[in-house]
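Here is the structure we will look at.
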């Protein structure tokens, strides 16, 4: 038998060969490419070459580098809080229910500040004001900050009584609906005559004649008729606000915030989304973080700086007696109370993300379990390759309608999600990425830091198996870290290190684990401590672990 006999083929063999070659080419041509080069995700922190005994090395964001300067403001022109309201940006945008331009906003701030000083009698560097507000926050905040009148904010209504007793303010600005509860509390501590109260809205109760109660609108209107009192704030490192919060054990704590803390927080928040789609005046930001917290403030002022529309979800309200049901915690419907366009960027908490993901996936399964199974496999395959999109065939067949049911108009407009304010389960990441198919950032925030402390890369879709148990740590500790999702490397203007690490583990190249310490421009100063120094570290009272790629996992611990 000659060689030619082995080369004899029939038409079927040729056809099958062409089909196999075509399928091979199609598989390689249509195989999704990773959205980020794996090398960039393999080393996300820059690590100092030396460390102290009992501590880890110092970690910085790789893009900043160990020798890079930390950004303290979005651009060189933002020195104090009022500078974030750029006077040359005269395009109208919606803040909650009010459509306003920056010149109009600055005019309102000037009028309200003049009214507070001229009518209420507040004085620069001597008075302080407690803000018990949900929405009408920005004008009051800017007015006080621009005239060096410190403000107090509360992360929870339960902190009101201990705050009034330990840090009595010169005046209080509150919502009309909360006025009855406030007056009752003020009468109980017999300090009523010491508190001028400015009320936002129409009071529905008769106020005792010996109480000095002003209407917010009257102060702004009359302030606009008086000669403007020029702003006095010019020092970026001046403390303009104290944000009160409670520890896990219920103790009252306070974070002193400077103008630079907030401008640095804005600089960090702006970098959370991919550079190809930065925050712009075309965006609508919806936030689940109260403006009474440093991070919530930074998110709001990022929207103001960028000229974006902005509103908060119902679950951010500090005041009010209603509770948002757990299954509806992600309540985009609450934005309908405001006249903002459909949201494009969401800053939410893990409970919101979990509820939204469950709602989308449950609705998607209703269409067809077979189609859902195929769609899930294809979407998961893309994620494992580092690629995701919501423009695929499987999105059109399965997920698009489910997103519309869960998110309404937001299904077509939301282009980025930043989740923070609590631990996110590692097993939640992949379902959320499949359900949303947009950039998803997992951030770690702290009540003394205005910006994110850590934030994952928005296009980092890596799926890591659970960690192996380390013999140097307790079983409970390993269980906690194992099931936590990584929160990424330090933010662009934060550096972090761990104290109390196991020397043997570190020397052998293991993952450092210890108490988390941070410093940088967004980090405030705990109330009662001295001003920030260049080398001062904040003990976050949390435990953290550094993974080999420079990302962190953080566990909040109770410290008595």
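Numbering (the numbering used here), first residue to last: 1182 to 1741.
For each residue, glycine too, the CB sits at the ideal point set by N, CA and C.
Is the distance from the Cβ of residue 1580 to the Cβ of residue 1404 below 8 Å?
Counting from 1 along the chain shown, the entry for residue 1580 is found at position 399. Counting from 1 along the chain shown, the entry for residue 1404 is found at position 223. The answer is no: Cβ separation not under 8 Å.
Going by Cα to Cα distance, which pick from 1522, 1468 and 1474 is closest to residue 1533?
Looking up residue 1533 in the chain shown gives position 352. Out of 1522, 1468 and 1474, 1468 has the C-alpha closest to the C-alpha of residue 1533.
In whole angstroms, what separates the C-alpha of residue 1194 from that of residue 1216?
The sequence position of residue 1194 within the chain shown is 13, counting from 1. The sequence position of residue 1216 within the chain shown is 35, counting from 1. Straight-line Cα distance between these residues: approximately 39 Å.
Per DSSP, what kind of secondary structure is residue 1742 in: helix, strand or coil?
No statement about residue 1742 is possible, as the shown extent of the chain runs from 1182 to 1741 and does not include it.
Just curious, the alpha helix (DSSP H) that residue 1553 is in, first and last residue?
Numbered from its first residue, the chain shown carries residue 1553 at position 372. Run containing residue 1553: 1550-1565, per the alpha helix (DSSP H) assignment.
Taking only the alpha-carbon atoms, compute the straight-line gap between residue 1640 and residue 1616 and give it to the nearest angstrom.
Numbered from its first residue, the chain shown carries residue 1640 at position 459. Numbered from its first residue, the chain shown carries residue 1616 at position 435. Taking the straight line joining both Cα atoms gives about 15 Å.
What is the residue span of the alpha helix (DSSP H) that residue 1369 lies within?
Within the chain shown, residue 1369 is the residue found at index 188, counting from 1. That run of the alpha helix (DSSP H) goes 1360-1369.
Going by the CB atoms, is the gap between residue 1236 and residue 1679 shorter than 8 Å?
The residue you call residue 1679 lines up with position 498 of the chain shown. The residue you call residue 1236 lines up with position 55 of the chain shown. Yes; because the gap between Cβ atoms is below 8 Å, this pair is in contact.
If you draw a straight line from the alpha carbon of residue 1456 to that of residue 1450, how long is it in whole angstroms?
Locating residue 1456 in the chain shown gives position 275, where the first residue counts as 1. Locating residue 1450 in the chain shown gives position 269, where the first residue counts as 1. Each residue's alpha carbon lies about 12 Å from the other.
What residues match up with residue 1671 in a beta bridge as DSSP calls it?
Sequence index remark: in the chain shown, residue 1671 carries index 490 (1-based). BP columns for residue 1671 point to 1635.
Run through DSSP, which three-state label would residue 1389 get?
The residue labelled residue 1389 in the question sits at position 208 within the chain shown. It is coil, neither helix nor strand.
Considering only C-alpha positions, which residue in the set 1484, 1573, 1524 and 1554 is nearest to residue 1588?
Here residue 1588 corresponds to residue number 407 of the chain shown, with the count starting at 1. The option with the nearest alpha carbon to residue 1588 is 1524.
Beta-carbon separation of residue 1727 and residue 1453 under 8 Å?
For the purposes of this step, residue 1727 is identified with residue 546 of the chain shown, where counting begins at 1. For the purposes of this step, residue 1453 is identified with residue 272 of the chain shown, where counting begins at 1. For residue 1727 and residue 1453, no; Cβs fall outside 8 Å.
My guess is that residue 1356 and residue 1314 are in contact by the Cβ rule of under 8 Å, so how many angstroms apart are they, rounded?
Position 175 of the chain shown holds residue 1356. Position 133 of the chain shown holds residue 1314. With a Cβ gap of about 6 Å, residue 1356 and residue 1314 count as contacting.
Can you tell me the Cα-Cα spacing of residue 1516 and residue 1486, whole angstroms?
On the chain shown, residue 1516 is found 335 positions in, with the first residue counted as 1. On the chain shown, residue 1486 is found 305 positions in, with the first residue counted as 1. Looking at the two C-alpha atoms, the distance is approximately 21 Å.
So, helix, strand or coil for residue 1492, using DSSP?
Sequence index remark: in the chain shown, residue 1492 carries index 311 (1-based). If DSSP states are grouped into helix, strand and coil, residue 1492 belongs with the strands.
Distance check for residue 1537 and residue 1507, CA to CA, integer angstroms please.
Mapped onto the chain shown, residue 1507 falls at position 326. Mapped onto the chain shown, residue 1537 falls at position 356. Caution is warranted here: a pLDDT of 43 is assigned to residue 1507, below 50, making its placement in the model unreliable, and the coordinate value is therefore given only provisionally. Near 11 Å, if we compare the C-alpha coordinates of residue 1537 and residue 1507.
How about the segment 1426-1438 and the segment 1316-1325: do they share at least three Cβ pairs that are nearer than 8 Å?
no
Quick one: what does DSSP say residue 1354 is sitting in, helix, strand or coil?
Counted from its first residue, the chain shown places residue 1354 at position 173. Here residue 1354 sits in strand by DSSP.
Given 8 Å as the limit, is there contact between the segment 1465-1482 and the segment 1629-1639, that is, 3 or more CB pairs closer than that?
Yes, the segment 1465-1482 is in contact with the segment 1629-1639.
Look up residue 1527 in the DSSP assignment and give the residues it is bridged to.
Walking along the chain shown from the start, residue 1527 turns up at place 346. 1467 and 1598.
Closer than 6 Å by C-beta to residue 1251: which residues in its own chain qualify, once you throw out the five before and the five after it? Chain order, please.
Within the chain shown, the letter at position 70 stands for residue 1251. Excluding positions up to five away in sequence, the list reads 1674, 1701 and 1702.
Answer with yes or no whether the minimum CB distance from residue 1709 to chain D is below 8 Å.
Of the chains in the structure shown, none is chain D; there is only one protein chain.
What's the call for residue 1601, buried or exposed, on a 16-neighbour Cβ count within 10 Å?
As a working note, residue 1601 is residue 420 in the chain shown. With 16 or more Cβ atoms within 10 Å of its Cβ, residue 1601 is classed as buried.
Here's the rule: buried if 16 or more other CB atoms are within 10 angstroms of the residue's CB, otherwise exposed. What is residue 1214?
Within the chain shown, residue 1214 is the residue found at index 33, counting from 1. Around the beta-carbon of residue 1214, fewer than 16 other beta-carbon atoms lie within 10 Å, marking it exposed.
Could you check the C-alpha separation between residue 1316 and residue 1563 for me, to the nearest Å?
Here the question's residue 1316 lines up with position 135 in the chain shown. Here the question's residue 1563 lines up with position 382 in the chain shown. Residue 1316 and residue 1563 have their C-alpha atoms some 41 Å from each other.
Determine the DSSP secondary structure at residue 1378, reduced to helix, strand or coil.
For the purposes of this step, residue 1378 is taken as residue 197 along the chain shown, with counting starting at 1. Strand, per DSSP.
Distance, Cα to Cα, residue 1298 vs residue 1286?
In the chain shown, the residue the question calls residue 1298 occupies position 117. In the chain shown, the residue the question calls residue 1286 occupies position 105. Residue 1298 and residue 1286: Cα-Cα distance of roughly 19 Å.
With a threshold of 16 other CB atoms inside 10 Å of the CB of residue 1198, please say whether the residue is buried or exposed.
Locating residue 1198 in the chain shown gives position 17, where the first residue counts as 1. Looking at its Cβ environment, which holds fewer than 16 other Cβ atoms inside 10 Å, residue 1198 is exposed.
Could you tell me whether the Cβ atoms of residue 1377 and residue 1352 are closer together than 8 Å?
Within the chain shown, numbered from 1, the residue matching residue 1377 stands at position 196. Within the chain shown, numbered from 1, the residue matching residue 1352 stands at position 171. Taking 8 Å as the Cβ cut-off, residue 1377 and residue 1352 qualify as a contacting pair.
Among residues of its own chain, excluding the 5 on either side of residue 1510, which ones have a beta-carbon nearer than 7 Å to its beta-carbon?
As a working note, residue 1510 is residue 329 in the chain shown. With a pLDDT of only 45 at residue 1510, under 50, the local geometry of the prediction cannot be trusted, and the value read off the model is given with reservation. Correct list, in chain order: 1496, 1532, 1533 and 1536.
Between 1527, 1290, 1435 and 1463, which lies nearest to residue 1480 when the distance is taken from Cα to Cα?
Here residue 1480 refers to the residue found at position 299 when the chain shown is read from its first residue. Nearest Cα to residue 1480 within the set 1527, 1290, 1435 and 1463: 1527.
The alpha helix (DSSP H) that contains residue 1294, what's its start and end?
Translated into the one-based positions of the chain shown, residue 1294 becomes position 113. First-last of the alpha helix (DSSP H) with residue 1294: 1283-1296.
Please report the residue range of the beta strand (DSSP E) in which residue 1437 lies.
Reading the chain shown from its first residue, position 256 is the one you call residue 1437. Per DSSP, residue 1437 belongs to the beta strand (DSSP E) from 1433-1439.
Does the Cβ-Cβ distance between residue 1225 and residue 1686 come in under 8 Å?
Working through the chain shown from its first residue, we reach residue 1225 at position 44. Working through the chain shown from its first residue, we reach residue 1686 at position 505. For residue 1225 and residue 1686, no; Cβs fall outside 8 Å.
Look at the Cβ atom of residue 1492, then the Cβ atom of residue 1529, and state whether they are nearer than 8 Å.
Reading the chain shown from its first residue, position 311 is the one you call residue 1492. Reading the chain shown from its first residue, position 348 is the one you call residue 1529. No.
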